[in-house]
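Engineer: Supplied in structure tokens, the structure appears directly below.
In my numbering, the protein residues as written are 18 to 416.
Spelled out as structure tokens, the structure:
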């Protein structure tokens, strides 16, 4: 085995700060390949070579780019200390810089260097390399950590809770603000609150309430897509996961990014056990609020609680207090934005805008009559109904 390959193998074994990279399947395959190159078994060398390229090709055909991405996404003690603005000792900085140089050398490893150690004249697949300064790129990440983040939050913008853990949404809704028509005043209120959050100013918890299909959820997702490059991330929480919120907040409260905890289609029954969990969070318990987090919820109900007449006529001695307790949850949201069902004129304005955007040339009166008929058949006027109508026109045109 040549000296360079020995150094690559020993260099990877000596990683401390970036030791987590050794858990990656492609890096594991590379370590095995380097180990096999020191032996005499040509068959095992070919197997190790092929396994490595197989793993690499699943992610990239460029080894340098792949290794750089791993480094930039790695969640390690060095990057976390920078993110939390803690003191970083010079010993740790020296270690990190040395390891980045080691990883860069490995990332420059060429197929020719490996193939020279394999006594085989058949075809072996190749990979690419590129000239990249790992130290400089990593410093850029540190300098822009408020916008880029680290770990999973550097790669993904939207997350869900799965098995009590924050899990990335690999294929999120890519809706953009430009895709949403109407409700500008309502949408601007949510955008301005989000910009305050991004600017480090006091931001309100937001309740977007109103009729179904008016674009409440789409507004939140589009805002995250718009400002993800500014450091905005979304974590969606279901009603059943509300008790996990304090744990989630603890895990991200020192993160340099800004987070929206998103609760979609929220409503409670009067005896719902989850009611208290959200109330405690909104009121601000010991661990319930951080400056980099805001809660955004959507609901078809302004007061969030499904209240029955029995709640009003029950045998509770203090039933007025009980009623106020049930309907006051929404008051704990500092910003409440009403997305009401559009009237006929507003509905048609949305239809017209969507039709123009999709290059549908239909006489205005005809468009009005057809869109109104479609709304009557499909649950009434809404932004969602307008979009469904225009989608039908698009499909009819294709046919």
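All C-beta atoms, glycine included, are put in the ideal place defined by N, C-alpha and C.
Buried or exposed for residue 381, going by 16 or more other Cβ atoms inside 10 Å?
Structural biologist: Position 364 of the chain shown, counted from the start, is the residue given in the question as residue 381. Counting Cβ neighbours within 10 Å, residue 381 comes out exposed, since fewer than 16 surround it.
Engineer: Using the Cβ count rule (16 or more neighbours within 10 Å means buried), how would you classify residue 354?
Structural biologist: Within the chain shown, the letter at position 337 stands for residue 354. Buried, because 16 or more other Cβ atoms sit within 10 Å of the Cβ of residue 354.
Engineer: Excluding the 5 residues preceding and the 5 following residue 360 in the sequence, name in chain order all residues of the same chain whose CB lies nearer than 8 Å to its CB.
Structural biologist: One-based indexing of the chain shown puts residue 360 at position 343. The residues are 398.
Engineer: Counting Cβ pairs closer than 8 Å, one from the region 399-413 and one from the region 212-231, do we hit at least three?
Structural biologist: Yes, the region 399-413 is in contact with the region 212-231.
Engineer: In angstroms, rounded to a whole number, what distance separates the CA positions of residue 304 and residue 41?
Structural biologist: Residue numbering aside, residue 304 sits at position 287 when the chain shown is read from its first letter. Residue numbering aside, residue 41 sits at position 24 when the chain shown is read from its first letter. Its pLDDT being 46, under 50, residue 304 is placed unreliably by the model, and the measurement read from it follows with that caveat. C-alpha separation (whole angstroms): 34 Å.
Engineer: Given a cut-off of 8 Å on the beta-carbon distance, is the pair residue 276 and residue 260 in contact?
Structural biologist: As a first step, residue 276 is located in the chain shown; it is residue number 259 there, counting from the start. As a first step, residue 260 is located in the chain shown; it is residue number 243 there, counting from the start. Taking 8 Å as the Cβ cut-off, residue 276 and residue 260 do not qualify as a contacting pair.
Engineer: Using 8 Å as the threshold, is the C-beta distance between residue 21 and residue 121 below it?
Structural biologist: Counting from one through the chain shown, the residue named residue 21 turns up at place 4. Counting from one through the chain shown, the residue named residue 121 turns up at place 104. No, these two residues do not count as a Cβ contact at 8 Å.
Engineer: Could you round the C-beta distance between residue 94 and residue 199 to whole angstroms and report it? I think they count as a contact, below 8 Å.
Structural biologist: By one-based count along the chain shown, residue 94 stands at place 77. By one-based count along the chain shown, residue 199 stands at place 182. At roughly 49 Å, the Cβ-Cβ gap does not stay under 8 Å, so residue 94 and residue 199 are not in contact.
Engineer: Rounded to the nearest angstrom, how far is the Cβ of residue 197 from that of residue 235, given a contact under 8 Å?
Structural biologist: Walking along the chain shown from the start, residue 197 turns up at place 180. Walking along the chain shown from the start, residue 235 turns up at place 218. Rounded, the Cβ-Cβ distance is 6 Å, consistent with contact.
Engineer: In chain order, what residues of the same chain have a beta carbon less than 7 Å from the beta carbon of residue 169, not counting five sequence neighbours either side?
Structural biologist: Against the chain shown, residue 169 aligns to sequence position 152. Result list for residue 169: 185, in chain order.
Engineer: Along the chain, where does the alpha helix (DSSP H) that runs through residue 253 open and close?
Structural biologist: Taking the first residue of the chain shown as 1, we reach residue 253 at position 236. Taken as a continuous stretch (DSSP letters only), residue 253 belongs to no alpha helix (DSSP H), being part of the beta strand (DSSP E) at 249-253.
Engineer: Check the Cβ-Cβ distances between residue 42 and every residue of chain B, and say whether any is below 8 Å.
Structural biologist: The question asks about chain B, but that chain is absent: this structure has only one protein chain.
Engineer: Taking 8 Å as the threshold (C-beta atoms), are residue 68 and residue 46 in contact?
Structural biologist: Sequence index remark: in the chain shown, residue 46 carries index 29 (1-based). Sequence index remark: in the chain shown, residue 68 carries index 51 (1-based). Yes, the Cβ-Cβ distance between residue 46 and residue 68 is below 8 Å.
Engineer: Where does residue 298 fall in DSSP's three states?
Structural biologist: Here residue 298 corresponds to residue number 281 of the chain shown, with the count starting at 1. Residue 298: helix per DSSP, three-state reduction.
Engineer: Would DSSP call residue 140 helix, strand or coil?
Structural biologist: By one-based count along the chain shown, residue 140 stands at place 123. It is coil, neither helix nor strand.
Engineer: Does residue 335 pass the burial test, meaning 16 or more other C-beta atoms within 10 Å, or should it be called exposed?
Structural biologist: Residue 335 sits at position 318 when you count from the first residue of the chain shown. Confidence in residue 335 is poor, its pLDDT being 49 and thus under 50, which makes the residue's placement unreliable; the coordinate value appears in the next sentence. Exposed, by the Cβ-count rule.
Engineer: By the 10 Å Cβ neighbour count, where 16 or more other Cβ atoms means buried, how is residue 257 classified, buried or exposed?
Structural biologist: Here residue 257 refers to the residue found at position 240 of the chain shown. Residue 257 should be labelled exposed.
Engineer: Leaving out five residues before and five after residue 296 in sequence, what residues of the same chain have Cβ atoms less than 8 Å from its Cβ?
Structural biologist: Translated into the one-based positions of the chain shown, residue 296 becomes position 279. Counting only Cβ-Cβ distances below 8 Å, and skipping sequence neighbours, we find 346 and 349.
Engineer: Which runs of the beta strand (DSSP E), 3 residues or longer, sit entirely within the region 74-132?
Structural biologist: Counting only runs of 3 or more, we get nothing.
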